[in-house]
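Note sheet for the following structure.
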Amino acid sequence: MNKIQKIGKGKRDYFSPKGRQVEEASLIRIKAILGDLEIRRDHLIEGLHKVQDHYGSISAQDLAALAEIFRLSQAEVNEVASFYHHFQIVRENEQVPSKSKLRICDGVSCEMAGSNELFDLFCREFSSQEVDVQKVPCIGRCASAPAARFDKVPIDEVTEKKVKEIFFTKSSYRLRLPQYEKFDDYVSRGGYAVFKKIKNKQIDEKNIIKMLSDSGLRGLGGAGFPAGRKWEIVKSFSGPRLMTVNGDEGEPGTFKDRYWLESKPHQMLEGALIAANIVGCEKIYIYMRDEYPEVIEILKREIYKLEIENLLDRPIILRRGAGAYICGEESAMIESIEGKRGLPRHRPPYIAEIGLFNRPTLNHNIETLNWMPQIIDNGVNWFKNKGWDENHSGLRSYSVSGRVKNPGLKLAPAGIPLRNLIDDYCGGMQAGHELKAFFPGGASAVSYQQTWSIFLWILAYLKSMEDL
Ligand SMILES: Cc1cc2nc3c(=O)[nH]c(=O)nc-3n(C[C@H](O)[C@H](O)[C@H](O)COP(=O)(O)O)c2cc1C
Ligand code: FES
Numbered sequence: 001m002n003k004i005q006k007i008g009k010g011k012r013d014y015f016s017p018k019g020r021q022v023e024e025a026s027l028i029r030i031k032a033i034l035g036d037l038e039i040r041r042d043h044l045i046e047g048l049h050k051v052q053d054h055y056g057s058i059s060a061q062d063l064a065a066l067a068e069i070f071r072l073s074q075a076e077v078n079e080v081a082s083f084y085h086h087f088q089i090v091r092e093n094e095q096v097p098s099k100s101k102l103r104i105c106d107g108v109s110c111e112m113a114g115s116n117e118l119f120d121l122f123c124r125e126f127s128s129q130e131v132d133v134q135k136v137p138c139i140g141r142c143a144s145a146p147a148a149r150f151d152k153v154p155i156d157e158v159t160e161k162k163v164k165e166i167f168f169t170k171s172s173y174r175l176r177l178p179q180y181e182k183f184d185d186y187v188s189r190g191g192y193a194v195f196k197k198i199k200n201k202q203i204d205e206k207n208i209i210k211m212l213s214d215s216g217l218r219g220l221g222g223a224g225f226p227a228g229r230k231w232e233i234v235k236s237f238s239g240p241r242l243m244t245v246n247g248d249e250g251e252p253g254t255f256k257d258r259y260w261l262e263s264k265p266h267q268m269l270e271g272a273l274i275a276a277n278i279v280g281c282e283k284i285y286i287y288m289r290d291e292y293p294e295v296i297e298i299l300k301r302e303i304y305k306l307e308i309e310n311l312l313d314r315p316i317i318l319r320r321g322a323g324a325y326i327c328g329e330e331s332a333m334i335e336s337i338e339g340k341r342g343l344p345r346h347r348p349p350y351i352a353e354i355g356l357f358n359r360p361t362l363n364h365n366i367e368t369l370n371w372m373p374q375i376i377d378n379g380v381n382w383f384k385n386k387g388w389d390e391n392h393s394g395l396r397s398y399s400v401s402g403r404v405k406n407p408g409l410k411l412a413p414a415g416i417p418l419r420n421l422i423d424d425y426c427g428g429m430q431a432g433h434e435l436k437a438f439f440p441g442g443a444s445a446v447s448y449q450q451t452w453s454i455f456l457w458i459l460a461y462l463k464s465m466e467d468l
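So that you can map any letter, position 24 of the sequence shown is 24 in the working numbering, and since no number is skipped, the others follow by simple counting.
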């Protein structure tokens, strides 16, 4: 029975199907947008992306159609879509925003460089135009603050003139890729030699794990877990295993992963193939933040190139995030790859035992993988000796922004004192400025000044107790 009855406000019509009804026309429209996307639960987020990319927002009717197509409840699709910042849901009776987006970063470095004032200016300038002006969290271009993105075009050191140029030339949807090291250039400087040796059993895999452990390489995604030890743990759980590569880089102020992927993407790709071979992971999932469309395009091209060159010995699957900071946490990222809300899982079990699709999962940050081929190729001491002192191994990619003379990505010894990093690598502080406070590891770390404030506050408190 599908009879629609008009009944009083607040009462449900028990003779008609539950929930929002999906119109046939909406189903046809959304199916056309999804194109050849395979309809599987873990593709839901990509489905939402496709609709968002097409219209610049997702209507309640579109969500209902997606639920029908993916055979999920409307509540579930709604929950997933509303979790992610990048999906702009438009309810009935709400105004549909423009497809074109001017996203202005309001991270710390950009705010210091005047992004709030620019936001107010652009809201006024574009109020009658077809542009949706938004404030967004750090977009990973902090060294050229204030930064913004007009649809696909990144704008460094934003000015009114630059924005208007893009707007009036209608070039905002044109994706321009940076110059990066292509496959042939990487191979000509010895790239993929280590991977080939591993495939041909010319290097013993136990030796490689030992090398990684001896080199002191620790995870560079934040937790600093020893890489070699992680491989042993994941390998100890019976397969089939999977691998994830964390390219979410949502920590405000960080742009190191973007730097490596926009300059030398094959170092990470070779590292991932090596790790997956040694640990025995049958597929590799790369989770990239949607704020980096250039990186996503570079990876698509270069993964395809690996396939043509017969180097892709297992699938590498690219997934895009959707603007949720928490999805950088590995178990939340796994939920997101599975097409769900990015809520961190309770532990134990750790993802090494039960991770993506309930399989033992090896997860690494982009930069961790980036170093692996070089360590295996050049040896343990090559890496160890690059640290600042005997307690630190290797180089680090420091994302420096703020009031230094030359901000940017600085490749410097691990453990370098802050003063040396600023003076020797960044040309010192800008004229008229002195270092008073800094965030050592993104905005979720304590700031230097804050630590001192808490320390002084405790001292003051103890002193006052003494005085009583
Ligand atoms: C809130 C939160 C956000 C995180 N964001 C990232 C991130 O953006 N990229 C990343 O690689 N790791 C991030 N991590 C760390 C990951 O959970 C994980 O430790 C890391 O990806 C492991 O790779 P590694 O061993 O190579 O460092 C985050 C952790 C937390 C708790
Ligand atoms: S791009 Fe604005 S703070 Fe990072």
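Glycine is no exception: its CB is placed at the ideal position from the N, C-alpha and C atoms.
Among the options, nearest to residue i - alpha-carbon criterion
i           : options            : result
residue 326 : 270, 249, 298, 348 : 249
residue 436 : 283, 35, 233, 419  : 419
residue 261 : 35, 209, 219, 179  : 179
residue 264 : 224, 322, 183      : 183
residue 220 : 34, 399, 355       : 399
residue 394 : 385, 401, 278      : 385
residue 283 : 266, 147, 271, 241 : 241
residue 166 : 58, 334, 364, 102  : 102
residue 439 : 401, 412, 413, 411 : 401
residue 188 : 246, 266, 199      : 266
residue 71  : 127, 340, 391, 40  : 40
residue 65  : 48, 56, 53, 54     : 48
residue 63  : 29, 38, 37         : 29
residue 77  : 126, 111, 340, 422 : 340
residue 253 : 306, 14, 141, 46   : 141
residue 83  : 427, 349, 324      : 324
residue 213 : 23, 45, 372        : 372
residue 273 : 368, 85, 321       : 368
residue 86  : 415, 45, 410, 365  : 45
residue 91  : 20, 147, 113, 426  : 20
residue 35  : 334, 23, 370, 50   : 50
residue 295 : 107, 259, 304, 280 : 259
Residue i Cβ short of 7 Å to ligand 1 heavy atom set
i           : result
residue 364 : yes
residue 261 : no
residue 326 : yes
residue 305 : no
residue 370 : no
residue 395 : no
residue 220 : yes
residue 225 : yes
residue 207 : no
residue 230 : yes
residue 497 : Lying before the first or after the last residue shown, residue 497 is absent from the chain, which here runs from 1 to 468.
Backbone secondary structure at residue i - three-state DSSP
i           : result
residue 415 : coil
residue 523 : Shown here, the chain extends from 1 to 468; a query on residue 523 therefore has no answer.
residue 433 : coil
residue 373 : helix
residue 221 : coil
residue 453 : Confidence at residue 453 is low in this model, with a pLDDT of 47, below 50, so the placement of that residue should be treated as unreliable; the coordinate-derived value is given next. Correct three-state label for residue 453: helix.
residue 4   : Confidence at residue 4 is low in this model, with a pLDDT of 42, below 50, so its placement is unreliable and the value that follows should be read with caution. Residue 4: coil per DSSP, three-state reduction.
residue 285 : strand
residue 150 : strand
residue 358 : helix
residue 105 : strand
residue 100 : coil
residue 19  : coil
residue 465 : Residue placement at residue 465 is flagged as unreliable, the pLDDT there being 43, under the threshold of 50; the coordinate-derived value follows with that caveat. Note: residue 465 maps to helix in three-state DSSP.
residue 34  : helix
residue 244 : strand
beta-carbon residue i near ligand 2 non-hydrogen atom, thresh 7 Å
i           : result
residue 108 : yes
residue 402 : no
residue 147 : yes
residue 252 : yes
residue 258 : no
residue 139 : yes
residue 123 : no
residue 281 : no
residue 105 : yes
residue 142 : yes
Cβ-Cβ separation, residue j to residue i (assumed contact under 8 Å), whole Å
i           : j           : result
residue 143 : residue 255 : 7 Å
residue 291 : residue 104 : No, residue 291 and residue 104 are not in contact; Cβ-Cβ is about 13 Å, not under 8 Å.
residue 332 : residue 342 : 4 Å
residue 205 : residue 278 : 5 Å
residue 61  : residue 98  : Not confirmed; about 19 Å, so no contact.
residue 314 : residue 285 : Not a contact, Cβ separation roughly 11 Å.
residue 95  : residue 52  : That belief does not hold up - the Cβ atoms of residue 95 and residue 52 are roughly 17 Å apart, past 8 Å.
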